[in-house]
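J.: The structure's right below; bear with me while I get my questions together.
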Amino acid sequence: MNNPTCVFTFGFDLKFDGIGLNPNCVNSNGYIFANKGGVPNLTYSISPNIGTQNPAGTFSNLPAGTYIITASGSGCSITTTITLYQPNANHCCTTTSNPNAGSNIASMPYIILLPNTQVANLTAANLLANYGSNGVIQGKKFYIDGILTIDADITFNQCDIYFTTGSKIAVNAGINLHIAQNSTLQASCAMWDGIYAEDPTAEITLENCTIQDMENGVVLKQGAKAGITNSEFKNCNRALPFLKTTLLPIVVSPAIPSQLMQIC
């Protein structure tokens, strides 16, 4: 937190945040880079005091964990907290064309690996408690391994979500999953499973988003609702398989190619 005396009495302006890169799938070599700004020249420190340190704002050889980075100058300081996540074996998947596929995703800037120590149980309620506000998660990157259970109404806006092979989303009874505002859901390596609304009262809303690399697509049980507007399916074995039903209340925009809407 800025020291008000420095800011207002002396015109001291301190701006600071940081970028964390998770450890890769082989070594505990996470990185934190300080985004420098403000005046005067700053020095940086890290807590806990481990890894390879550079007072100019680069910290390397860091294992997974939560770190406090302090920027100091002219007797004032400000801190920010950055968490590095440890990828598991599934996060570290490979492909023939890219042997580092999963590792490359796991070490993207700002990406959150799930599950983790904050969110051990993959539920919408837990995601909202840690990364959202008022039912909305805005502008986050997630890399999910397992079944994400939608047990609370949730909206993902401008989110990039990657899934390990076979992972899926399951929407509970009476709950709405809303994917919107240029969000993208995709696989890390081989295809992820898909999005399931297996209860008649579950709802899925896809709006201005891209969904790709699904093995089984959006799966709706009889009575479940799906609203799809200005969205696109890519590289899916099935886009909209329907379970044991004839007519479902589905709204589809012209942006969805009709050949992708297969009846199973």
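The numbering used here puts the sequence shown at residues 275 to 538. Every residue gets a Cβ at the ideal spot worked out from N, C-alpha and C, and that includes glycine.
(1) Tell me the DSSP secondary structure of Ile449 in three-state form.
(2) Please name the residue or residues paired with Ala461 in a DSSP beta bridge.
(3) Within this structure, are the beta carbons of Ile411 and Tyr405 separated by less than 7 Å?
(4) Could you pull out every residue in the same chain whose Cβ sits closer than 8 Å to the Cβ of Gly339, ignoring the five residues on either side in sequence?
(5) For Gly294, is the classification buried or exposed, using 16 other Cβ atoms within 10 angstroms of its Cβ as the cut-off for buried?
(6) Helix, strand or coil for Phe516 per DSSP?
(7) Which word fits Thr353, buried or exposed, when buried means at least 16 other C-beta atoms lie within 10 angstroms of its C-beta?
(8) Is the segment 384-402 in contact with the segment 420-427, if contact means three or more CB pairs nearer than 8 Å?
(9) What's the C-alpha gap between Phe516 and Ile449?
(10) Closest to Gln360 by C-alpha separation, out of Asn378, Gly349, Lys508, Ser346, would be which residue?
(11) Between the C-alpha atoms of Ser505 and Leu336, what's the straight-line distance to the nearest angstrom?
(12) Where do the N-terminal and C-terminal ends of the alpha helix (DSSP H) with Ala345 fall, by residue?
(13) Give me the residue from Ala461, Gly292, Asn296, Gly331 with the minimum Cα distance to Lys442.
(14) What are the boundary residues of the alpha helix (DSSP H) that Ala399 is part of?
T.: Let's see:
(1) Counted from its first residue, the sequence shown places residue 449 at position 175. Coil.
(2) As a working mapping, residue 461 is identified with position 187 in the sequence shown. DSSP lists Phe437 as partners of Ala461.
(3) As a position in the sequence shown, residue 411 is number 137, starting the count at 1. As a position in the sequence shown, residue 405 is number 131, starting the count at 1. Contact: yes.
(4) Locating residue 339 in the sequence shown gives position 65, counting from the first residue. Once the five neighbours on either side are set aside, the close Cβ partners of Gly339 are Pro322, Thr357, Leu358.
(5) On the sequence shown, position 20 is the one that residue 294 refers to. So Gly294 counts as buried.
(6) If you number the sequence shown from 1, residue 516 lands on position 242. Because Phe516 carries a pLDDT of 48, less than 50, the predicted location of this residue cannot be relied on, and no value is offered for it.
(7) Reading the sequence shown from its first residue, position 79 is the one you call residue 353. Counting Cβ neighbours within 10 Å, Thr353 comes out exposed, since fewer than 16 surround it.
(8) yes
(9) Translated into positions along the sequence shown, residue 516 becomes position 242. Translated into positions along the sequence shown, residue 449 becomes position 175. Residue placement at Phe516 cannot be trusted, given a pLDDT of 48 that sits under 50; what the coordinates show is reported in the next sentence. Using only the alpha carbons, I get a separation of about 19 Å.
(10) Mapped onto the sequence shown, residue 360 falls at position 86. When only C-alpha atoms are compared, the closest one is Asn378.
(11) Sequence index remark: in the sequence shown, residue 505 carries index 231 (1-based). Sequence index remark: in the sequence shown, residue 336 carries index 62 (1-based). Going from the Cα of Ser505 to the Cα of Leu336 covers about 39 Å.
(12) The residue you call residue 345 lines up with position 71 of the sequence shown. Counting along the chain, Ala345 falls outside any alpha helix (DSSP H), though it belongs to the beta strand (DSSP E) covering 339-347.
(13) Within the sequence shown, numbered from 1, the residue matching residue 442 stands at position 168. Ranking Ala461, Gly292, Asn296, Gly331 by Cα distance to Lys442 puts Ala461 first.
(14) Position 125 of the sequence shown, counting from 1, holds the residue named residue 399. That run of the alpha helix (DSSP H) goes 398-405.
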